[in-house]
Amino acid sequence: MPDLITLAQRHYIMSQVHSSNTKPEVKLRHALWGLGFRYRVNDKRLPGSPDIVLPKYRTVIFVHGCFWHGHKGCKHYTVPKTNTDFWVAKVRRNQERDQEVWRKLEAKGWNVIIVWECELKKSRLQETVAHVSAEIKANGTLHQQRQEERRTERERRRIERAKEKAELEAREKEISKKYGSVR
Ligand SMILES: [Zn+2]
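Just so you know, we're using the working numbering here: the sequence shown kicks off at 487 and counts up by one.
Right under this line is the structure:
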């Protein structure tokens, strides 16, 4: 039986199927790695299994295909002339799912960065990586500050509790000195 699709078509379809390894995402990963960022890939434990997870910076990154996720105003998001309703509905569902995932992640204290595929084209890659890197670092600073605040607050409460305990013991000692032990 002859092949119904060309090799190039097959290649394209396979690259879409194995979406976790599409080229734009890999390009971004490599660039971030080169800048010294360390990350996990496709973490299934987090909502939406984000493409790139940077725990140290409490940041996740999704690389979105401009068509499938409906990149507004992008030339790569043009609704097909046939089956228009079908495609519009499909993209809208994806967008709704994206927003739901985003909300869940933010509720868990994660910062979410969306990078569109068109932003990873060769001519725009450098600029995009610079933006993304700056945002990751800013998120990391904020995350560290929050952790530091939580540590300080815990320490403050610990000292307060110790003080209260010491005061209570001192009072009890004074009472038993005054009236003697009833036991
Ligand atoms: Zn786009």
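Don't be surprised by glycine CBs; every beta carbon is placed ideally from N, CA and C.
Owing to the predicted nature of the structure, the values given are computational and were not obtained by experimental measurement.
Trp554 sits in coil when the DSSP states are folded into three classes, being neither helix nor strand. With contacts defined by Cβ atoms closer than 7 Å, Glu621 and Pro510 do not form a contacting pair. DSSP places Val565 in the coil class of the three-state scheme, outside both helix and strand. The beta carbon of Trp554 sits no closer than 6 Å to any heavy atom of ligand 1. By a beta-carbon distance limit of 8 Å, Ile599 does not contact Ile645. Their separation comes to about 38 Å. In this model, Asp584 and Gln630 are separated by some 27 Å (Cα to Cα). Beta-carbon to beta-carbon, Leu514 and Leu606 are separated by about 6 Å, close enough to satisfy the 8 Å threshold.
Within its own chain, the residues whose Cβ lies closer than 7 Å to the Cβ of Asn597, once the five positions on either side in sequence are excluded, are Arg544, Thr545, Asn625, listed in chain order.
Around the C-beta of Leu540, 16 or more other C-beta atoms lie within 10 Å, and the residue is accordingly described as buried.
Within a 10 Å sphere around the beta-carbon of Leu654 sit fewer than 16 other beta-carbons, which makes this residue exposed. Between Val565 and Glu586, the alpha-carbon positions lie close to 23 Å from each other. Annotation for Asn580: the continuous alpha helix (DSSP H) segment containing it runs 570-593. Burial check for Leu521: the Cβ neighbour count within 10 Å stays below 16, so the residue is exposed.
For Asn528, there is no enclosing alpha helix (DSSP H), since its DSSP letter is neither H nor E.
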